[in-house]
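Using the numbering used here, you'd call the opening residue of the sequence shown number 19 and step up by one each time.
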Amino acid sequence: MNDALKRPRIAFGALGGTVSMQAKASGQGVMPSMKGDALLEGLALGELAQVTAETLQMLPSASLTFIQLIEVLQWARLQVEQGAQGVVLSQGTDTLEEVAYFLDLLWPYEVPLVLTGAMRSPGQPGADGPANLQAAIQVALAAESRGRGVLVVINDQVHAAEHVRKVDSLAMDAFTSSYFGPEGLLVEGHVRYLKLPKSRSPLPVPQRLDHRVALLEASLAADIQLLDEVTGLGYEGLVIAGFGAGHVSREWARCVGQIASWMPVIVASRTGAGSTATCSYGFNGGEMDLQRKGALMAGFLCPRKCRLLLWVLLGCGMEGILGQRLAAQNAQG
Ligand code: ASP
């Protein structure tokens, strides 16, 4: 057998994002332009792995769609079925946490699926794309990464899809897992896990893809018009990024009561960290009132990820287990 075939195979799929962006001419701004194989050039893969590259999309991550992500999932599954020991995706950081969580809900294998990106484009001094990509491949290759679902590797840290968030628009250390902390760190090119893998319950791939879940953020003295129209506009679920521990105004609370009799409603916290409450506040619009009106509280899950969870469950006709799923997720931490 030749040497290349003896090395473990890592499948790499490029989706675009800053990691791949260059400017056509000075002053024009960067746009996705580097293909998968170009992104691998210059990495110190040596004898580590045989990495096969494909360009799956060339998009800023804000424009990725559910349909494209299901295609990416099918591609990644095929790579595993054809013998890849790990799958790595690069994409924009703007929706990295959402894509990671979405894929994690649906990833059925022990084989690691690792996502990465970059805060600086390839032409900027100190571009972090190559280091992040190299680290992502190293994590995907490690036996200890098996059974951990979808991981985000960036800035020499490994984050769980469920907890990771982009908390800074431009900083190099833009990603954090808040109170949960990273799952692991890259130390001299090797991943050191700080936590044991958690039990996972992947969901089936949604049969329906055209349904919609609305996400609305509570804000001071906001009117109720958008909220009031959610049911009439064809949405099948609603997530509210509520104040503090999962609260809304009393006007919004009245609407929540009506909407929750039509569709699943999740109330999360808009604060960016911490859990929603369940039994602390009794005022109209507080979490006790909202739960009485039929809403479910998100716990630690951020509003954006609540929307993805609800979308996937609705798409496979499993919205009945939403409460159970949220509870299980929060119980595991
Ligand atoms: N700023 C983004 C990034 O870091 C752009 C994107 O998400 O595509 O990649």
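Note that the Cβ used here is the ideal one computed from N, Cα and C, for glycine as well.
Closest Cα partner of residue i within the set the options
i: residue 222; options: 114, 28, 103, 336; result: 336
i: residue 239; options: 258, 219, 270; result: 270
i: residue 267; options: 247, 300, 280, 250; result: 300
i: residue 212; options: 220, 218, 201; result: 201
i: residue 26; options: 348, 159, 235, 291; result: 159
i: residue 276; options: 74, 294, 246; result: 246
i: residue 110; options: 171, 330, 253; result: 171
i: residue 208; options: 66, 52, 278; result: 66
i: residue 408; options: 320, 321, 343, 100; result: The structure shown does not extend to residue 408, since the chain is modelled only from 19 through 351, so no value can be given for it.
i: residue 122; options: 136, 107, 37; result: 107
i: residue 199; options: 329, 315, 291; result: 291
i: residue 30; options: 286, 188, 59; result: 59
i: residue 302; options: 283, 327, 265; result: 265
i: residue 16; options: 55, 197, 311, 235; result: With the chain covering only 19 through 351, there is no way to say anything about residue 16.
i: residue 191; options: 174, 117, 204, 281; result: 174
i: residue 40; options: 237, 317, 63, 76; result: 76
i: residue 79; options: 115, 206, 295; result: 115
Per-residue burial, residue i [other beta carbons within 10 Å of its own, 16 or more giving buried]
i: residue 89; result: exposed
i: residue 177; result: buried
i: residue 273; result: buried
i: residue 143; result: exposed
i: residue 258; result: buried
i: residue 81; result: exposed
i: residue 166; result: buried
i: residue 283; result: buried
i: residue 255; result: buried
i: residue 47; result: exposed
Limits of the unbroken beta strand (DSSP E) element including residue i
i: residue 30; result: 27–34
i: residue 247; result: Careful: residue 247 lies outside any beta strand (DSSP E), inside the alpha helix (DSSP H) at 243–247.
i: residue 37; result: It is not in any beta strand (DSSP E) - residue 37 carries neither H nor E in the DSSP assignment.
i: residue 211; result: 208–211
i: residue 172; result: 168–172
i: residue 176; result: 175–178
Delimiting residues of the alpha helix (DSSP H) encompassing residue i
i: residue 306; result: 305–310
i: residue 253; result: Here residue 253 belongs to no alpha helix (DSSP H), and DSSP marks it neither H nor E.
i: residue 272; result: 268–278
Strand pairing of residue i, partner residues [DSSP]
i: residue 354; result: Summary: the structure shown does not reach residue 354, with the chain confined to residues 19 through 351, and so no result is reported for it.
i: residue 59; result: Beta-bridge pairing links residue 59 to no other residue.
i: residue 50; result: 39
i: residue 104; result: 28
i: residue 330; result: In DSSP, residue 330 forms no bridge with anything.
i: residue 293; result: None; residue 293 has no bridge partner.
i: residue 261; result: 265
i: residue 284; result: 257, 314
i: residue 205; result: 208
Contact test: residue i Cβ vs ligand 3 heavy atom, cutoff 7 Å
i: residue 51; result: As far as ligands go, the structure on display features ligand 1 and does not contain ligand 3.
Interface flag, residue i vs chain D, CB-CB below 8 Å
i: residue 112; result: No chain D is part of this structure, which consists of one protein chain only.
### Message
Tell me whether the stretch 296–313 and the stretch 178–188 touch, counting them as touching only if at least three CB pairs, one residue from each stretch, are closer than 8 Å.
### Response
Fewer than three beta-carbon pairs drawn from the stretch 296–313 and the stretch 178–188 are found closer than 8 Å, and the two stretches are therefore not classed as touching.
#### Entry: Contact between the stretch 147–159 and the stretch 124–134 (3+ Cβ pairs under 8 Å)
Yes, the stretch 147–159 is in contact with the stretch 124–134.
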